[in-house]
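Encoded structure:
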């Protein structure tokens, strides 16, 4: 019976509406409880900030394209490798950390759950092998559906029920968590070297549009009542003027109502919005359209978003948006990796240097922060870097600094080479909003947990929830220099994962008890869909159907979320 | 009565065929028949059945002969050797499962070893090229379903990957290629008139060692620039013609093998082939793929990648991972005398390294873990026989296109024979005790 | 005694693959890999019949193998030994600091060695490691 | 410091006492690390032999103290150093003189100062070099002044002079700076070069300037096989490292992408002495 009590901290918990009151948090057998016996181990948090463990809703941290990023960038590990210690394995990689470093770095920042944002179904085993080797944090993975032949064929004929049955089958086969969509239709077009740059461009041969794919997948998602909403990376990522495509895509949600047993009130998650909020029609007149996009997001209540903040680092971009990565390598001429995956998807990888001396990069940096600062409902906007695309997740503390300190933002802007041009093209310089710790807890804990349909176990400190707790050397009653904010959130004073201390004074003390989250969905027998699946494996896949399913021995401590969609 | 195991994964080459059917006796001990396998794959399953198979570890005696020892003694010798050495080389890893590789890496991290796999003599130079310029590629099913232009450059699948052409490349009928072979134009570049070349629409019998020049010439031709009259023995007219054939396709693929990775220029050959592929994507869709040899050499690169960040030649000696082929690569380490012990699992350097490297292994404390008797086992101080992965024990493997497939067990190993993973796990435990004592 | 100079390449053959999986200590492996494939014109230059034992020598070592007619020819001037201990007795260990020895494109000399024995893979490697043969 | 002012340098002399069993990783032998240290502190600095962390003092006799900064520290290394790696790694100032031959990574990632090797070095000499002056009186190995694996930013600046010959892959991914080899080199000179200058006074077998985007290569001797992507343009009279005479100019690599400047396509330049 392990008992702990975290005493006298300033507690921030949106789930219970606690806004920095001095309070104790009691823990018993891995769960948060009302109170514990006098024998409980006392953790003194006086003068410190206490929050639930943070929840990462969108990062590329496990799987084939991530590993391409590691293996093809030895220079990303040169001179920065962290040696092994008694408790921890050796850990390396700046923009694409090894699995061990991924677990350790998230934990050190107080993150205890993370979602891999794009799992190619055919490579699901690889994703789960990496998840197994990522210590401490609970993880799930989103299989990609937006360019899947089955999905496009069913939705073209308006067969929502069949699409849903296929989704259920694929989630079970790949041990996946949610319905992910990346550049709907555009990635299939890329198999012929083409793309879909608006939501109405027809997909070659399949004769369906991105709009139809997204609408159909939202309907199928709600037909099944999955814990998370459809999670979409829209068409035309990274192009000047793409904010209109973004608004067109978001508006598709207006017709859809949430249906689930997980307390989720949204039907669409729009990811790394920074990359989709661009004005202008070329890199010369490139400008921020964050206001236009956030005005819509703020009033459309059934949407959640994440920011995709640019951190101004040298990083490694990687996405299932194959045509985008080809476009990027044509711009920066850096090494280009691409994989097209039969019947399902594709992925590309290209290193990218976000330089504070380049106007476009400065503007991108501003847009990411603007999206967070223009947010009205902090339960629907989440902080991400689309790791590693806009920057490594290890920069979250720096983003928090920029969001919590107008002074820190000003210092950055003043240091820019093109600050005047950047100010003209953005709104950030005129914003004095400083994020509160409560809003931070909403955007990094309670919000993402709710969007994922996990608000009963993650993202809060209410009795009965998992004892995932982060304590920061940050006294809300004191003034802080910008860099003190970054320091406090970089190395937590104390982190507990499911009742086990994993970080003390910023150092890893345990490899924890990580779990793998996946969604097990029951649907009615569907002979037609099963026939279609057998047929496609026979004719078009390069593996047999019996060698596709991810066996249970690939999952460590599976945490299965049951969904009953039988009608 | 017999029973048939279906969807069996073939543990021979990187093609990793997963449609084999193996008929086994109902006691599950003997293989009666094998369907769908190539002759090499079939032989691999049959050899597991060999009556004269070694089933206990053997220790080399002063006179060079071998004496049977227990697995306990084998574990002790191996753990002692690794714990004593200042810089042991742990080589191989390509004919075993990812699960076994993982345990091996734990040991390597503890003893500060260098972990290298057979890519070091196969596609290591490909991995270097990918690090320099990336690689646009695809899964094998994409080729089956879409490809209408296929180049085999310095590879001979008819001999090295026998079912490749029928399953994935030349012959299969796919979604957009329902005429199979008729949909495709095949180009072979090889200094010999190989069995594969005989199936091609175009064979460029290149002057050996001039691949880098010919690849450059293809790139020049794609851009329509000036060329000298002949390059690598090929007249420029044929090069311009080939460039047009490549540009006019809808979906093309370049397969390449050891004909370019082991030939002068090495990584630069692959580098230029990748850049040719990238150039072609300005005109149509093109991919490139390495014809990986061992059935799980790709998996070794993947596991090393997510655990340490490098696909081979991983030097853990200083408590953190470093990488630089030319220094941390097996043959350079051996020839230069940089290592003081050698552990080999799932490979046969005795047969496949130049003799100068083999001599060094024979002079060092050495352990060879292998189901077979091999030149390596017969010069190592200790030979540890183990079960055949993919025949007698399952485990995850990665195909040449990095697609992971979980290999199946079809029969039991001989009485008392350990698997790679079991042996490594016992060594790992013993190493813990020894390092603790230090 | 005539010696002819050739350019050696090594690699896989299906017979090498089958024999390797059948057991490298077996005769079948020696039959599959203890050979050198020569173009008919080069056999003529050498003045050798098909299936004659020859000694292959490079800057890096020497080995006795059976000379047979090229199965995937013609390739005048080019010699082929399937990958294995025989080939690696003469291959070039220079990696150019890439880790990869030069298994292809090795200058060799070939001469008839009618009375010399072709060793099995294990004998060959053991004798070379013990310094009993060069 | 003022021009003309002569600066007094403190000199530290390291003499190898006995040969390491394996190889010695001595990346601490650098003016930057020695600066401000007494002989005893220097002897206590770490070096590595395989996984064993040892001190420089275990293998080297250390005499003399370092200056206050790298700039006023000179290091003289004596003895048979053919099993010692990383001498002068990342040095930014000061001076290192190696009396004999040494092993890999000599002057690797060097940023400034002077490094003189009176014997020869092996592979990866001056890789990732950013600045300073590196002189090898004997031969250098493969990957002289090259990029580290995967990095498109090869040699960024500084000057390398090899009085003898060099191996393959000289100036791989070179961005800037100068490499002069007074003898011959092996294959692959200036592959993937995007800037800087390489001068080879001897012969180069083949693969010269392959995949070159920009930059200049001078070859005084023979090139057995020219890359197909290099096209003869014209002859030019030039002064190159003390020699004046006619050179044939080739543009290349025509198979590679080339940037445009002021409407003009910029090619890599390969000059061969006539």
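Chains as they are written, first to last, in the numbering used here: chain H, 1 to 567; chain U, 568 to 1005; chain C, 1006 to 1139; chain Y, 1140 to 1413.
Yeah, the Cβ is synthetic: ideal placement off N, Cα and C, and Gly gets one too.
Fair warning: this is a prediction, and the values are worked out from it, not measured in the lab.
Excluding sequence positions up to five before and after residue 234 of chain H, its CB lies within less than 7 angstroms of the CB of 245, 246, 249, 270, 276, all in the same chain and listed in chain order. The beta carbons of residue 643 of chain U and residue 997 of chain U sit about 7 angstroms from each other, so the pair counts as a contact at 8 angstroms. With 16 or more other Cβ atoms from the protein chains shown falling within 10 Å of its own Cβ, residue 891 of chain U counts as buried. DSSP, read as helix, strand or coil, puts residue 840 of chain U in helix.
Near chain C, meaning a CB-to-CB distance below 8 angstroms, the residues of the region 1262–1280 of chain Y are 1262, 1263, 1280.
For residue 869 of chain U, the uninterrupted alpha helix (DSSP H) run begins and ends at 864–875, by DSSP. For residue 75 of chain H, a Cβ of chain Y is located within less than 8 angstroms of the residue's own Cβ. Within 9 angstroms of the CB of residue 1162 of chain Y, the CB atoms of chain U belong to 654, 903, 904, 905, in sequence order along the chain.
With a threshold of 16 other beta carbon atoms within 10 Å, residue 255 of chain H falls short and is exposed. Burial state of residue 527 of chain H is exposed, judged by a 10 Å Cβ sphere holding fewer than 16 other Cβ atoms. Here DSSP, grouped into helix, strand and coil, assigns residue 531 of chain H to helix. With a threshold of 16 other beta carbon atoms within 10 Å, residue 568 of chain U falls short and is exposed. Between residue 729 of chain U and residue 577 of chain U, the CB-CB gap reaches or exceeds 8 angstroms. The C-beta of residue 333 of chain H comes closer than 8 angstroms to at least one C-beta of chain Y.
Residues of chain U with a Cβ closer than 7 angstroms to the Cβ of residue 1191 of chain Y are, in chain order, 653.
Secondary structure of residue 962 of chain U (DSSP, three-state): strand. Around the Cβ of residue 425 of chain H, a 10 Å sphere holds 16 or more other Cβ atoms; the residue is buried.
Contact check for residue 517 of chain H against residue 341 of chain H fails: the beta carbons are separated by 8 angstroms or more. Residues 92, 93 of the same chain have their beta carbon placed closer than 6 angstroms to that of residue 77 of chain H, with the five preceding and five following residues left out of the count. Those residues of the region 862–882 of chain U placed with their C-beta closer than 7 angstroms to a C-beta in chain H are 868, 869, 872, 873, 874, 875, 876, 877, 878, ordered along the chain. For residue 1030 of chain C, the neighbours in chain U by C-beta distance under 7 angstroms run, in chain order, 940. For residue 1202 of chain Y, the enclosing beta strand (DSSP E) starts and ends at 1199–1202. Of all residues in the region 59–73 of chain H, only 72, 73 place a beta-carbon less than 9 angstroms from a beta-carbon of chain Y. Residue 903 of chain U carries a helical assignment under DSSP once its states are collapsed to helix, strand and coil. Residues of the region 1283–1311 of chain Y that bring their beta carbon within less than 8 angstroms of a beta carbon in chain C comprise 1306, 1307, 1308, in sequence order. When the five nearest sequence neighbours on each side are left out, the beta carbons in the same chain lying within less than 8 angstroms of the beta carbon of residue 622 of chain U are those of 952, 981, 982, 983, 984, in order along the chain. Interface flag for residue 1034 of chain C against chain Y is unset, since no Cβ pair is found closer than 8 angstroms. Counting C-beta pairs closer than 8 angstroms gives three or more between the region 466–479 of chain H and the region 45–54 of chain H, which meets the contact rule. Within the same chain, and ignoring the five residues on either side of residue 1183 of chain Y in sequence, the residues whose Cβ sits closer than 7 angstroms to its Cβ are 1194, 1196. Contact between the region 628–647 of chain U and the region 757–771 of chain U is not established, with fewer than three Cβ pairs separated by less than 8 angstroms. The count of Cβ pairs closer than 8 angstroms, one atom from the region 70–88 of chain H and one from the region 27–34 of chain H, stays below three, leaving the stretches out of contact.
Scanning the region 1264–1298 of chain Y for uninterrupted beta strand (DSSP E) segments of 3 residues or longer gives 1272–1275, listed from N- to C-terminal end. In the DSSP annotation of this structure, the continuous segment of the alpha helix (DSSP H) that includes residue 292 of chain H starts and ends at 290–299.
With contact defined as three or more Cβ pairs closer than 8 angstroms, the region 670–687 of chain U and the region 961–975 of chain U are not in contact. Between the region 284–300 of chain H and the region 191–203 of chain H there are fewer than three C-beta pairs closer than 8 angstroms, too few to call the two in contact. For the region 696–719 of chain U, the residues whose beta carbon sits under 8 angstroms from a beta carbon of chain H are, in order, 697, 698, 699, 700, 701, 702, 703, 704, 705, 706, 707, 708, 709, 711, 712, 713.
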